[in-house]
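The structure appears right after this line, and notes come after that.
Chains as they are written, first to last, in the working numbering: chain A, 49 to 122; chain L, 288 to 537.
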């Protein structure tokens, strides 16, 4: 197969990494909901930690997206 | 109608041009102009916010106090009492990154944090500061940071190189997280806008259908605003966490 087709297929394969990010985000928010249900008064503190966790996890998804975009457009 | 192909080239938006004769000789580009605008905005907020000195603050003074208090609390809560010394550093990092991310979402603005040169420079600066602080405070026992407590001696051969590698990848992850978020976000906005143009030029039905990528683009712009603020916050809070590790060595 020629190189252009291979890069486009590679871009599609690179996005498989985002599946792990989806699982990770689900775990973070399930822990957030459980902990707020147990102790509603801790909501603000735990929410800040959850947002920090979301930003760190999404960074890994962005790494995968970056590779896909670089493959597609350069 | 001419049937020439319409190519979406989203990475061209990050190319830099140097305006004027002085610009071209010293490579003073549009990115630098936006950096100066961002710095002027933050300085204006602080200066005009601190001017009234009312005990009951008006809106601008309240905004300046909230900005100061937010970063001060972040630094002192995460680093401890020694965080006061690092407060200006964290303040500058947070607002430099915030302005870079936000000014790119304004029409005719430019996201200077979408260049790996800028984010890598910031990340290397944070790395040098945190390693320097740890070495100056703790001397040679800084290398005890890589030997965590409670690890059996047999596993140390595995754990210590792993700890060293994860320490050395801190600047890499800091820079690529910010750079990747900004590039991916702006490429998505550009590609969706390209779709609007492509559908809009495909006749009457295409014109009506082009509302769909336009609506998606508007929603995505809102998401990009969230990501801009969040990435600035994450950069600052990770800097605070790394400085806590440097100051307290655990």
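Backbone N, C-alpha and C fix where the C-beta goes; we use that ideal spot for every residue, glycine too.
Item to check | residue 89 of chain A, buried or exposed, once every other Cβ within 10 Å from all chains shown has been counted against 16 | outcome: Along the first chain, one-based indexing puts residue 89 of chain A at 41. By the 10 Å Cβ count, residue 89 of chain A comes out exposed.
Checklist entry - In terms of residue numbering, what span does the alpha helix (DSSP H) encompassing residue 361 of chain L cover? => result Counting from 1 along the second chain, the entry for residue 361 of chain L is found at position 74. Element bounds for residue 361 of chain L: 346-366.
Checklist entry - What is the rounded straight-line gap between the Cα of residue 288 of chain L and the Cα of residue 61 of chain A? => result Translated into positions along the second chain, residue 288 of chain L becomes position 1. Translated into positions along the first chain, residue 61 of chain A becomes position 13. With a pLDDT of only 42 at residue 288 of chain L, under the threshold of 50, the placement of this residue in the model should not be trusted; the figure read from the coordinates follows. The alpha-carbon atoms of residue 288 of chain L and residue 61 of chain A are separated by roughly 37 Å.
Checklist entry - Mind pulling the chain A residues with CB within less than 8 Å of residue 365 of chain L? => result Residue mapping note: residue 365 of chain L aligns to position 78 of the second chain, counting from 1. Ordered by position in chain A, no residue passes the 8 Å Cβ test against residue 365 of chain L, which lies about 11 Å from the chain.
Checklist entry - residue 513 of chain L: buried (16+ other C-beta within 10 angstroms of its C-beta) or exposed? => result Taking the second chain and counting its residues from 1, the one referred to as residue 513 of chain L is at position 226. Label assigned to residue 513 of chain L: exposed.
Next on the checklist: By the three-class DSSP mapping on this structure, what secondary structure does residue 450 of chain L have?
Outcome noted: On the second chain, position 163 is the one that residue 450 of chain L refers to. Helix at residue 450 of chain L.
Checklist entry - Does the region 461-476 of chain L touch the region 398-416 of chain L, meaning 3 or more C-beta pairs lie closer than 8 Å? => result yes
Checklist entry - On the three-state DSSP scale, how would you describe residue 82 of chain A? => result Your numbering for residue 82 of chain A matches position 34 in the first chain. Of the three classes helix, strand and coil, the one that applies to residue 82 of chain A here is helix, per DSSP.
Next on the checklist: Counting only C-beta atoms, is residue 513 of chain L closer than 8 Å to chain A at any point?
Outcome noted: Mapped onto the second chain, residue 513 of chain L falls at position 226. No - not a single Cβ of chain A is within 8 Å of the one on residue 513 of chain L.
Item to check | Cutoff 8 Å: residue 288 of chain L Cβ touching any chain A Cβ | outcome: The count along the second chain starts at 1 and reaches residue 288 of chain L at position 1. Caution applies to residue 288 of chain L, whose pLDDT of 42 falls short of 50 and renders its modelled position unreliable; the value that the coordinates give is listed next. Not one chain A Cβ lies under 8 Å of residue 288 of chain L.
Checklist entry - Are the C-beta of residue 95 of chain A and some C-beta of chain L separated by less than 8 Å? => result The residue labelled residue 95 of chain A in the question sits at position 47 within the first chain. Chain L contact via Cβ: absent.
Checklist entry - What's the gap between the Cα of residue 330 of chain L and the Cα of residue 382 of chain L? => result Residue mapping note: residue 330 of chain L aligns to position 43 of the second chain, counting from 1. Residue mapping note: residue 382 of chain L aligns to position 95 of the second chain, counting from 1. One C-alpha to the other measures close to 10 Å.
Item to check | Straight-line Cα distance separating residue 532 of chain L from residue 374 of chain L | outcome: As a working note, residue 374 of chain L is residue 87 in the second chain. As a working note, residue 532 of chain L is residue 245 in the second chain. Whole-angstrom Cα-Cα distance: 16 Å.
Checklist entry - Apart from the five residues just before and just after residue 500 of chain L, which ones in its own chain have a Cβ nearer than 7 Å to its Cβ? => result For this step, residue 500 of chain L is matched to residue 213 along the second chain. So the list reads 479, 482, 483 and 486, once near-sequence residues are dropped.
Next on the checklist: If contact is defined by three or more beta carbon pairs under 8 Å, each pair taking one atom from either stretch, is the region 522-532 of chain L in contact with the region 407-419 of chain L?
Outcome noted: yes
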